[in-house]
Amino acid sequence: MRLDISLSPEILFHIGPLAISNSFFWLLVVSVFLLLGVFWLNKSLKMRPGKIQNLVEMLVSGAYEFVETTADDKKLARRAFPLVFTLFFFILISNLITFIPGQAAVTIKTADGMVPLFRAIIADYGLVFMMTMISVLTTQIVAIYVAGPFKYIGRFLNFTSPLNFFLGLMDLIGEIAKVMSLSFRLFGNIFAGEVLGAVMLFLFPFFLPLPFAFLGLLTAVVQAFVFAVLTLVFISMAATVAEPEAESVK
Amino acid sequence: MEVEAAKYIAAGLAIGLGAIGPGIGEGIAASKALEAIGRNPEASGKITPLMFVAMAITESTAIYALVVTLIILFA
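Note that the protein sequences, when read in sequence, are chains A and B. Heads up, the working numbering is the position in the first sequence plus 52, with the first residue counted as 1. Heads up, the working numbering is the position in the second sequence plus 42, with the first residue counted as 1.
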């Protein structure tokens, strides 16, 4: 037995020029599962909630209250909540689904040899990068919308003094670094969790992986939470940063 | 030195050195948060999520080191 760890997802098969990797396949499964769940829940909403509806209502209203206290702005919370909660819920479900036992045993035969059918969705950098781009682009759009395009550019290219110019450049680098830090944090944590689990299974398959599985469970929840909260914090910072500047100008 | 051996040493050094700073930083964050909860236990609901976010941000340099290590080892 040897350790099989690859940074990129394995290709299962090709549809024309499109390569279907195992994480993409699994992503489709999770998306369909979530959509069907939401449709079913939407249809079976009642005035007197059942057990599942109660649970979901508790989760959603708790999350909404948290978003409201973190954003500190009722209107912003209403607007940002769908994006933030979707990100959180999707990352959470796709992380938790990797804890269903027996997945690593299922392999299928392809041109490149045996390939596992399942892979943690978040352990594919492509998807994490896209989610990060959604979050960062939303932040930038909010910033442009709130500050106006000229002021938005003026924040980065400030020619009033050499120091301000330098600080503006640093701001610009900071905005670009957000893409890296957000995406690497999520990807690195989940992928490292997978590798850690694999290594521990490789060392001693009984009992030893158990505490690391608990650690992975904690990471799965905390990282989903952190990704969503950082998105929220970036958006609310972008939405409020223009106001004190506007006061100092007049 | 063989390339393979150099790779392993580089990977070990990268994550080992990269984990020092964030380890200390996260310890400070946790100790301060616990101190704050000790002073004002009612605020623990507000402090704990913020502590997690702060720790995750502190952790990011360690994660960069980790990603570099993984790329050295597996890519």
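Built from N, CA and C at the ideal position, the CB exists for glycine as well.
Is residue i helix, strand or coil by DSSP?
i	result
Ser288 of chain A	helix
Ile67 of chain A	strand
Ser146 of chain A	helix
Lys98 of chain A	coil
Gly58 of chain B	helix
Ser60 of chain A	coil
Val158 of chain A	coil
Pro91 of chain B	helix
Ser213 of chain A	coil
Gly200 of chain A	coil
Ser43 of chain B	Before going further, note that residue 43 of chain B is Met rather than Ser in the sequence given. Coil.
Pro134 of chain A	helix
Counting only beta-carbon separations shorter than 9 Å, does residue i have a partner in chain B?
i	result
Thr121 of chain A	yes
Ala115 of chain A	no
Ser43 of chain A	Outside the displayed span of chain A (53 to 302) sits residue 43 of chain A, for which this structure offers no information.
Phe286 of chain A	no
Phe118 of chain A	yes
Val247 of chain A	yes
For residue i, I'd like the list of residues in its chain whose CB is within less than 8 Å of its CB, leaving aside the five on either flank, ordered along the chain.
i	result
Gly65 of chain B	Ala104
Ala85 of chain B	Ala78, Ile79
If we cut at 9 Å on Cβ distances, does residue i have a partner in chain A?
i	result
Glu68 of chain B	no
Ser102 of chain B	yes
Ile113 of chain B	yes
Ala117 of chain B	yes
Ile105 of chain B	yes
Val45 of chain B	no
Using C-beta distances below 7 Å, list every residue in its chain close to residue i, excluding the 5 sequence neighbours before and after it, in chain order.
i	result
Trp78 of chain A	Phe170, Arg171, Ile173
Please list, in chain order, the chain A residues whose beta carbon lies closer than 8 Å to that of residue i.
i	result
Ala98 of chain B	Arg237, Val274, Gln275, Val278, Leu282
Ile89 of chain B	The contacting residues do not exist; Ile89 of chain B stays about 12 Å from chain A at best.
Cβ closer than 7 Å: which chain A residues qualify as neighbours of residue i?
i	result
Leu108 of chain B	Gly240, Ala244
Thr75 of chain B	Checking the sequence shown, residue 75 of chain B turns out to be Ala, not Thr. Ordered by position in chain A, no residue passes the 7 Å Cβ test against Ala75 of chain B, which lies about 14 Å from the chain.
Residues of chain B with CB under 7 Å from residue i, in chain order?
i	result
Ser233 of chain A	Ser102
For residue i, I'd like the list of residues in its chain whose CB is within less than 6 Å of its CB, leaving aside the five on either flank, ordered along the chain.
i	result
Gly58 of chain B	none
Ala56 of chain B	Ala107, Val110, Thr111
Given 8 Å, three or more beta-carbon pairs between the stretch 180-187 of chain A and the stretch 230-242 of chain A: yes
Cβ contact check for the stretch 146-153 of chain A and the stretch 269-281 of chain A: 3 or more pairs under 8 Å: Output reads yes: the stretch 269-281 of chain A touches the stretch 146-153 of chain A.
contact_flag[the stretch 252-268 of chain A, the stretch 97-114 of chain A] where n(CB pairs < 8 Å) is 3 or more: no
The stretch 83-100 of chain B in contact with the stretch 217-226 of chain A per 3-pair CB rule at 8 Å: no
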